[in-house]
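Enquirer: The sequence shown runs contiguously to residue 95 in full-length UniProt numbering. No residue lacks a Cβ here, since even glycine has one placed at the ideal position from N, Cα and C.
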Amino acid sequence: MERSTALCNVTIQQDEPLIITDTRADPRFSTNPLVLAAPFIRFYAGVPLRGPGGSFVGSFCIMDQTARDFSRHDRQKLHALAYQAEAELNAGLLP
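1. So for P39, helix, strand or coil by DSSP?
2. With the cut-off set at 8 Å, would you say R42 and R24 are in Cβ contact?
3. Please classify S30 as buried or exposed, where buried requires at least 16 neighbouring CB atoms within 10 angstroms.
4. As a quick exercise: from R68, L78, I20 and A87, pick the residue whose alpha carbon is nearest that of G53.
5. Which of helix, strand or coil does DSSP assign to P27?
6. DSSP three-state call for D15: helix, strand or coil?
7. By how many angstroms is the C-alpha of P17 removed from the C-alpha of C61?
8. Where does R72 sit, in a helix, a strand or coil, going by DSSP?
9. Just to confirm the assignment, what range does the beta strand (DSSP E) spanning S55 have?
10. Just to confirm, are T21 and R68 a CB contact at a threshold of 8 Å?
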């Protein structure tokens with residue numbers, strides 16, 4: 001996968017979570033190869049992860065082939081999981 005087509009690439013360019021309830025309705029992603037062909041991503045939610053130096057190094061994300069709503073509660077749960085992943089990453093427990 002080319003980094004330029006990865007939805008996570010957009011996630012790590014901002015400080016806030018990126019929530020796209022329907023990728024085909026979002027002009028930034030509607031022509032993305034990952035939306036138009038396999039894996040046919042329709043829903044994406046990602047939180048940027050910071051490394052030990054404070055720079056963004058990746059994202060914690062979930063995707064689905066079905067467009068869907070994402071509640072405030074869902075957002076809180078995703079953020080909590082991303083926080084745990086970031087803590088593990090910064091503790092040197094993840095490669």
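Expert: Well, looking at it:
1. Here residue 39 is taken as the residue at index 39 of the sequence shown, counted from 1. Three-state DSSP puts P39 in coil, outside helix and strand.
2. Here residue 42 corresponds to residue number 42 of the sequence shown, with the count starting at 1. Here residue 24 corresponds to residue number 24 of the sequence shown, with the count starting at 1. In contact: R42 and R24 (Cβ atoms closer than 8 Å).
3. Counting from one through the sequence shown, the residue named residue 30 turns up at place 30. Counting Cβ neighbours within 10 Å, S30 comes out exposed, since fewer than 16 surround it.
4. Translated into positions along the sequence shown, residue 53 becomes position 53. Check the Cα spacing between G53 and each of R68, L78, I20 and A87: the tightest is with A87.
5. Here residue 27 refers to the residue found at position 27 of the sequence shown. Three-state result, P27: coil.
6. Here residue 15 refers to the residue found at position 15 of the sequence shown. If DSSP states are grouped into helix, strand and coil, D15 belongs with coil.
7. Counting from 1 along the sequence shown, the entry for residue 61 is found at position 61. Counting from 1 along the sequence shown, the entry for residue 17 is found at position 17. Between C61 and P17, the C-alpha separation is close to 9 Å.
8. To locate residue 72, count along the sequence shown from 1; it is residue 72. Residue state, collapsed to three classes: helix.
9. Against the sequence shown, residue 55 aligns to sequence position 55. From DSSP, S55 is part of no beta strand (DSSP E); its letter is neither H nor E.
10. As a first step, residue 21 must be located in the sequence shown, where it is residue number 21. As a first step, residue 68 must be located in the sequence shown, where it is residue number 68. Cβ distance < 8 Å, so T21 and R68 count as in contact.
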